[in-house]
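Worksheet for the structure shown next.
There are 2 protein chains.
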Amino acid sequence: MNDHSARRSEPTMREVAALARVSTKTVSRVINDLPGVGEEAAERVRAAARSLGYRPNLTASSLRRSDRRSATLGVLFEDLSNPFDSALLRAIEDRARQNGVLVLAGSDEDDPTLQRELLTSLAARRVDGIVVMAVGGHQDALQQERERGTPMVLVDRPPTFGHTDSVTTTNRDSSREAVLKLAGLGHERIAFLGDRQTLWTSQERYTGYLEGLAHAGLKLHQELVRKDLQGVDVAEAAAASLLDLDNPPTALFTAQNLVTVGAMRVLRSRGLHHRVAVIGFDDFPLADMVDPAITVVRQDVPKIGRTAAELLLARVDGDDSPAVHKVIPAVLVPRGSGEIPPPTP
Amino acid sequence: MNDHSARRSEPTMREVAALARVSTKTVSRVINDLPGVGEEAAERVRAAARSLGYRPNLTASSLRRSDRRSATLGVLFEDLSNPFDSALLRAIEDRARQNGVLVLAGSDEDDPTLQRELLTSLAARRVDGIVVMAVGGHQDALQQERERGTPMVLVDRPPTFGHTDSVTTTNRDSSREAVLKLAGLGHERIAFLGDRQTLWTSQERYTGYLEGLAHAGLKLHQELVRKDLQGVDVAEAAAASLLDLDNPPTALFTAQNLVTVGAMRVLRSRGLHHRVAVIGFDDFPLADMVDPAITVVRQDVPKIGRTAAELLLARVDGDDSPAVHKVIPAVLVPRGSGEIPPPTP
DNA sequence: GCCGGTTGCGTCAACGTTGACGTAGGAGGA
DNA sequence: TCCTCCTACGTCAACGTTGACGCAACCGGC
Numbered sequence: 069m070n071d072h073s074a075r076r077s078e079p080t081m082r083e084v085a086a087l088a089r090v091s092t093k094t095v096s097r098v099i100n101d102l103p104g105v106g107e108e109a110a111e112r113v114r115a116a117a118r119s120l121g122y123r124p125n126l127t128a129s130s131l132r133r134s135d136r137r138s139a140t141l142g143v144l145f146e147d148l149s150n151p152f153d154s155a156l157l158r159a160i161e162d163r164a165r166q167n168g169v170l171v172l173a174g175s176d177e178d179d180p181t182l183q184r185e186l187l188t189s190l191a192a193r194r195v196d197g198i199v200v201m202a203v204g205g206h207q208d209a210l211q212q213e214r215e216r217g218t219p220m221v222l223v224d225r226p227p228t229f230g231h232t233d234s235v236t237t238t239n240r241d242s243s244r245e246a247v248l249k250l251a252g253l254g255h256e257r258i259a260f261l262g263d264r265q266t267l268w269t270s271q272e273r274y275t276g277y278l279e280g281l282a283h284a285g286l287k288l289h290q291e292l293v294r295k296d297l298q299g300v301d302v303a304e305a306a307a308a309s310l311l312d313l314d315n316p317p318t319a320l321f322t323a324q325n326l327v328t329v330g331a332m333r334v335l336r337s338r339g340l341h342h343r344v345a346v347i348g349f350d351d352f353p354l355a356d357m358v359d360p361a362i363t364v365v366r367q368d369v370p371k372i373g374r375t376a377a378e379l380l381l382a383r384v385d386g387d388d389s390p391a392v393h394k395v396i397p398a399v400l401v402p403r404g405s406g407e408i409p410p411p412t413p
Numbered sequence: 069m070n071d072h073s074a075r076r077s078e079p080t081m082r083e084v085a086a087l088a089r090v091s092t093k094t095v096s097r098v099i100n101d102l103p104g105v106g107e108e109a110a111e112r113v114r115a116a117a118r119s120l121g122y123r124p125n126l127t128a129s130s131l132r133r134s135d136r137r138s139a140t141l142g143v144l145f146e147d148l149s150n151p152f153d154s155a156l157l158r159a160i161e162d163r164a165r166q167n168g169v170l171v172l173a174g175s176d177e178d179d180p181t182l183q184r185e186l187l188t189s190l191a192a193r194r195v196d197g198i199v200v201m202a203v204g205g206h207q208d209a210l211q212q213e214r215e216r217g218t219p220m221v222l223v224d225r226p227p228t229f230g231h232t233d234s235v236t237t238t239n240r241d242s243s244r245e246a247v248l249k250l251a252g253l254g255h256e257r258i259a260f261l262g263d264r265q266t267l268w269t270s271q272e273r274y275t276g277y278l279e280g281l282a283h284a285g286l287k288l289h290q291e292l293v294r295k296d297l298q299g300v301d302v303a304e305a306a307a308a309s310l311l312d313l314d315n316p317p318t319a320l321f322t323a324q325n326l327v328t329v330g331a332m333r334v335l336r337s338r339g340l341h342h343r344v345a346v347i348g349f350d351d352f353p354l355a356d357m358v359d360p361a362i363t364v365v366r367q368d369v370p371k372i373g374r375t376a377a378e379l380l381l382a383r384v385d386g387d388d389s390p391a392v393h394k395v396i397p398a399v400l401v402p403r404g405s406g407e408i409p410p411p412t413p
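Encoded structure:
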């Protein structure tokens with residue numbers, strides 16, 4: 069009765085039709101709730117489908133149907149195990165499910181080659197549209213895909229090419245706000261620690277940092293700027309070198325969550341975590357649990373995901389209005405580390 | 069030239085064939101690297117495919133092919149935004165990609181109804197197999213799917229039905245080890261704080277707790293046991309009530325990561341975080357950054373994911389050997405919170 | 001010069017489903 | 001009574017691809 073191993077083939081409409089003594093077309097009508105079937109025949113079809121355990125084959129159906137929809141979206145992120153990425157995936161998944169749409173997800177490791185491969189894989193499965201976190205550097209593969217007419221929404225980073233929607237956050241404005249807050253406390257030596265420069269977010273946050281300094285009338289000290297910090301370890305080394313300066317910074321603006329973690333690690337190991345102020349971009353789990361709790365700029369990830377999904381689903385439905393670039397506001401969450409004043413001399 | 073909005077239809081084999089002046093079958097042979105095509109014709113086909121931007125339609129191909137593979141696996145977890153789940157997803161995705169297989173992922177919120185719906189959605193897309201984190205309570209939907217012959221591997225929790233592979237960790241043994249470690253430091257009042265009892269993992273960890281007490285010759289104090297703690301807030305309240313006891317515990321074994329966070333939050337707010345020992349089950353980001361750093365039982369998530377993916381891919385390839393239940397060892401990671409001795413009276 | 005085998009294609013039908021269209025039978029109106 | 005319209009089906013072909021099979025041209029061997 070329960071032969072788990074033999075992969076028996078799924079029943080088809082033909083088998084249901086035979087059992088119900090109708091044509092496959094009639095079965096199709098019943099399954100899709102289309103009119104033109106008498107109650108008697110419809111009931112026979114339902115009974116037959118139930119007894120055979122029939123389940124429609126969406127791939128065959130989408131092959132034949134005129135709209136050609138697969139009811140599947142592609143999601144291409146840098147790393148699905150990163151908390152930011154996975155929260156975003158979850159938000160997109162939830163919104164898509166409301167429309168009966170599922171999500172094919174992949175991690176491209178910010179590698180153009182891998183991104184191109186995954187893009188091809190998604191295209192081979194004829195997904196209806198794609199939500200992408202563009203890799204740093206050139207976006208040729210994305211642009212090509214887009215030019216073929218594949219609906220696409222970029223998240224976290226805007227497109228370098230035209231006619232494509234994006235959903236990002238207030239990278240620049242919130243960074244400026246963070247720096248101004250530090251300056252307001254009296255900090256004059258505020259360091260910048262940033263992720264890879266090829267990333268648009270990283271550039272924007274740096275620009276926000278510069279704007280913040282300028283608005284506060286502070287001078288930019290090049291020796292307080294560290295960029296291209298990829299991963300916790302690299303960030304840690306950079307933070308250490310900053311603290312080793314003759315005239316070290318009294319506050320740090322860490323422009324990405326792994327960078328924040330690296331910086332905190334160094335401050336803690338040197339016992340400076342209550343002396344040097346830190347504001348990080350991007351919230352992360354337990355940022356409120358460390359000592360001191362970390363002041364961060366928090367993106368509204370669920371809203372970013374929902375917005376991206378809604379945009380994409382609308383495009384799939386044929387919305388061809390001009391491309392929009394939605395900006396979802398981030399908020400500064402004061403928790404302690406960003407409220408540390410400079411040492412009184 | 070780059071008309072992004074009009075979704076022009078993808079070129080087909082027929083168009084490539086016409087341009088290359090061969091039959092579609094010959095195009096098929098070239099695309100699939102099958103023999104029986106001269107170099108001259110093959111080159112014409114490749115040129116035509118390139119100039120038209122042809123990309124094979126995997127859904128049409130899998131419909132027609134005898135093996136009927138979609139090169140897609142389903143993944144059904146409780147919550148893709150949970151760090152444990154997303155790390156697992158990432159590990160599965162990586163292993164699957166090595167075989168050219170992509171992953172359709174969904175969150176079932178531990179809700180049987182939602183799980184059944186998602187299962188139907190995956191089945192409609194004819195995924196080759198499914199990796200599932202079973203919901204607590206009955207697994208009827210899973211069992212039915214399995215009995216239809218769908219290859220399936222359960223992760224984190226074993227099946228309640230037969231003939232189905234699973235990959236879990238050493239829940240019981242590692243929990244016992246954790247409790248024994250606390251007992252070895254001299255703790256006699258060790259509390260248990262656990263997740264929903266319907267979850268198999270939760271039960272196992274509780275059993276391990278009991279075994280630990282027994283091995284150490286400690287008496288079970290029912291008032292030190294708190295179960296069914298779902299979410300950080302509930303865990304927080306439970307931990308608070310434990311500390312309010314006349315004779316409060318000197319050590320906590322928190323059997324799930326959100327529970328650990330809740331407990332830490334209470335200890336910290338009461339200034340007891342250096343007085344009461346804590347060992348948590350499941351590692352989480354920044355567990356090493358809080359004060360004190362948290363001693364945890366760490367599962368080997370990448371290995372769990374890789375193992376599950378390999379098992380499933382083998383089943384999809386026709387491996388019909390008896391079901392196996394792989395157990396991936398977890399390790400105790402001492403960081404500080406689990407090394408706090410009981411107060412000397 | 002004929003035979004058997006190989007190489008390089010082509011033809012046809014089918015995978016499971018649905019769009020376009022056909023049609024038998026009954027209802028309703030003139 | 002006849003014509004029209006509607007209802008409830010059915011038939012057929014096609015979506016993009018590939019398995020099964022067919023066949024002409026060429027090769028080497030005797």
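Protein chains in written order, with our numbering: chain A, 69 to 413; chain B, 69 to 413.
All C-beta atoms in this analysis are idealised placements derived from N, C-alpha and C, irrespective of residue type, glycine included.
Which of the three DSSP states is assigned to residue i in this structure?
i, result
"Asp-263 (chain A)", "coil"
"Val-329 (chain A)", "helix"
"Asp-241 (chain A)", "helix"
"Asp-147 (chain A)", "coil"
"Asp-379 (chain B)", "Residue identity differs from the one stated: residue 379 (chain B) is Leu in this sequence, not Asp. Here Leu-379 (chain B) sits in helix by DSSP."
"Gly-174 (chain B)", "strand"
"Glu-233 (chain B)", "The sequence shown places Asp at residue 233 (chain B), rather than the Glu named in the question. Strand at Asp-233 (chain B)."
"Met-69 (chain B)", "Annotation note: pLDDT 44 at Met-69 (chain B) (below 50); position unreliable, coordinate value reported separately. DSSP places Met-69 (chain B) in coil when its eight states are reduced to three."
"Val-169 (chain A)", "coil"
"Phe-152 (chain A)", "helix"
"Ala-345 (chain B)", "strand"
"Ile-99 (chain B)", "helix"
"Gly-205 (chain A)", "coil"
"Leu-253 (chain A)", "coil"
"Thr-228 (chain B)", "coil"
"Met-81 (chain A)", "helix"
"Val-365 (chain B)", "strand"
"Pro-408 (chain B)", "It should be noted that the sequence gives Ile, not Pro, for residue 408 (chain B). Note: Ile-408 (chain B) maps to coil in three-state DSSP."
"Thr-92 (chain A)", "helix"
"Gly-142 (chain B)", "strand"
Does the Cβ of residue i have 16 or more other Cβ atoms within 10 Å, making it buried, or fewer, making it exposed?
i, result
"Leu-102 (chain A)", "exposed"
"Arg-132 (chain B)", "exposed"
"Gly-406 (chain A)", "buried"
"Gly-262 (chain B)", "buried"
"Asn-150 (chain A)", "buried"
Are residue i and residue j close, meaning C-beta to C-beta below 7 angstroms?
i, j, result
"Gly-197 (chain A)", "Pro-409 (chain A)", "no"
"Leu-379 (chain A)", "Asp-233 (chain A)", "yes"
"Gly-348 (chain A)", "Arg-264 (chain A)", "no"
"Leu-335 (chain B)", "Leu-354 (chain A)", "no"
"Val-221 (chain B)", "Ala-376 (chain B)", "yes"
"Thr-363 (chain A)", "Arg-403 (chain A)", "yes"
"Val-95 (chain A)", "Val-105 (chain A)", "no"
"Ala-192 (chain A)", "Leu-172 (chain B)", "no"
"Leu-292 (chain B)", "Ala-259 (chain B)", "yes"
"Leu-310 (chain B)", "Asn-167 (chain B)", "no"
"Arg-374 (chain B)", "Ala-398 (chain B)", "no"
"Ala-251 (chain A)", "Phe-321 (chain A)", "no"
Flag residue i as yes when its Cβ comes closer than 6 angstroms to any non-hydrogen atom of the ligand NAP, and as no otherwise.
i, result
"Val-95 (chain B)", "No copy of the ligand NAP occurs in the structure displayed, which carries no ligand at all."
Report the start-end ranges of each beta strand (DSSP E) in the region 263-331 of chain B that is 3 residues or longer and not cut off at the edges. 319-322
Could you name the residues of the region 353-369 of chain A whose beta carbon sits closer than 7 angstroms to any beta carbon of chain B, in the order they occur along the chain? Pro-353, Leu-354, Met-357, Val-358, Asp-359
Below 8 angstroms between beta carbons is the criterion; list the residues of the region 191-204 of chain B that meet it against any residue of chain A, in chain order. Ala-191, Ala-192, Arg-193, Arg-194
Using Cβ-Cβ distances below 8 angstroms, what residues of the region 112-125 of chain B are close to chain A? So the list reads Gly-121, Arg-123, Pro-124, Asn-125, given in the order they occur along the chain.
Going along the chain, which residues of the region 372-399 of chain A sit with their C-beta nearer than 7 angstroms to a C-beta in chain B? Asp-388
Mind listing which residues of the region 320-342 of chain A have their C-beta closer than 8 angstroms to chain B's C-betas, in chain order? Val-329, Met-332, Arg-333, Arg-336
Short-range partners of chain A found in the region 159-186 of chain B, where Cβ spacing is below 7 angstroms: Glu-161, Leu-170, Val-171, Leu-172, Ala-173, Gly-174, Ser-175
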